[in-house]
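>
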Amino acid sequence: MQMMVNWNGTLMPLEEARIPVFDHAYLYGDGLFEGIRIYNRRIFKLDEHLKRLYGGCRHLDIQGMIPYEELKARIIQTVEASKAENGYIRVSVSRGTGIGLNPENINQTPNVMIAVTRLSLYPPELYESGLRAVTVSTRVMTPDSLDPRIKSIGRYVSNIQAKIEANRQGAGEGIMLNAQGYVAEATGDNIFVVHDGVLRTPHPSCGILKGITRDTVIEIAHDLGIPVEETWLTLHDVYTADEAFLTGTAAEIIPMIMLDHRPIGDGTPGALTRRIIREFHQRTREVGVLVGR
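36 is the number of the first residue of the sequence shown in my numbering; add one for each residue after it.
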């Protein structure tokens, strides 16, 4: 695999890629991004990611975005050039180029970057043994400040602060609450808990990003006949859960076995968690946009 970048339609090796100094996402976080997985030369859930990206462009009034099918073709072209069997795609869209907050005073031609690389969010052994997490003091951004359905670059500074806080406590991950004190999400993942065979996850109204992998897990649960509740969860619900796990495009699905030094269930990855992981891996091998064959 060769790490490749597509900058505004031009392919190049990662080492040759350059971002303008006055790119608005670089200066102000004024842009959007998506992370997308490649499994066995299949781009997983590509359309779902792109629909969210284009919805974000409309919401933020990013003008002049390239057509949907053109971006899709650029992504496929970049993956083909990288010869990636498995990997991670980062798509970033900036409003344009220029200094100053006022978009009317900049070149509002969006900068569109596609990068194909490798990403391992957690050490491989934690997918078997499970992750230890802590509750962090940094709260998720309130929906009345910025709609959580918008995967904007700038909003992730709070997630990074939460990750730093978890790191300082020696934990593998940090669990963030919302302004009302309910469980929201991890620093880059959604959270699920299991109570008496029922899969429970924070409702989108809690201020979470409604993740693509989260939705995939809910689909899997429905197909397997596992009841699902989207609800408001307290820390008590996590402490007393039989099982817990985190989901995300970068994280995939990882068991969470401890929160705030309290074991979840028996302190090992649960049977339902492992069942969902097996089904998820099966789907990633069979579903997606096939590239290069």
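Glycine included, each C-beta is placed from N, C-alpha and C at the ideal position.
In the DSSP output, what is residue 122 paired with across the bridge?
Its beta-bridge partners are 73.
> Using only CA atoms, which one of 61, 238, 294 lies nearest to residue 146?
For the residues 61, 238, 294, the minimum Cα distance to residue 146 belongs to 61.
> Measuring CA to CA, which of 88, 99, 93, 109 is closest to residue 40?
It is 109.
> Would you grab the beta carbon distance between residue 235 and residue 281 for me? Rounded to a whole angstrom, and I think it's under 8 Å.
Contact flag wrong, Cβ pair sits at about 14 Å.
> Quick one: is residue 84 buried, meaning 16 or more other Cβ sit within 10 Å of its Cβ, or exposed?
Buried, since its Cβ has 16 or more Cβ neighbours within 10 Å.
> Count the other C-beta atoms from every protein chain shown that fall within 10 angstroms of the C-beta of residue 58, then say buried if there are 16 or more, exposed otherwise.
Buried is the call here.
> Starting from residue 314, trace the alpha helix (DSSP H) in both directions and tell me its first and last residue.
That run of the alpha helix (DSSP H) goes 306-321.
> If we ignore side chains and look at the alpha-carbon of each, how far apart do residue 168 and residue 288 end up?
Those two C-alpha atoms are separated by around 15 Å.
> Using 10 angstroms around the beta-carbon of residue 67, count the other beta-carbons present and answer buried if the total reaches 16, otherwise exposed.
Counting Cβ neighbours within 10 Å, residue 67 comes out buried, since at least 16 surround it.
> Would you kindly check if the distance between the Cβ of residue 233 and the Cβ of residue 262 is under 8 Å?
Taking 8 Å as the Cβ cut-off, residue 262 and residue 233 qualify as a contacting pair.
> Any idea what DSSP makes of residue 193, helix, strand or coil?
Three-state DSSP puts residue 193 in a helix.
> In terms of alpha-carbon separation, which member of 270, 286, 321, 312 lies closest to residue 296?
It is 270 whose Cα lies nearest to the Cα of residue 296.
> Which one or two residues does DSSP pair with residue 140 in a beta bridge?
Looking at the DSSP assignment, residue 140 forms no beta bridge with any residue, so it has no partner.
> Between which two residues does the alpha helix (DSSP H) containing residue 256 stretch?
It spans 247-259 - the alpha helix (DSSP H) in which residue 256 sits, taken as one unbroken run.
> From residue 71 to residue 179, what does the alpha carbon distance come to, in whole angstroms?
Each residue's Cα considered, the two are about 27 Å apart.
> Which residue from 47, 48, 42, 80 puts its Cα closest to that of residue 320?
That would be 80, whose Cα lies nearest to the Cα of residue 320.
> Between which residues of its own chain and residue 102 is the CB-CB distance below 6 Å, once the five residues before and five after are set aside?
Here the set comprises nothing.
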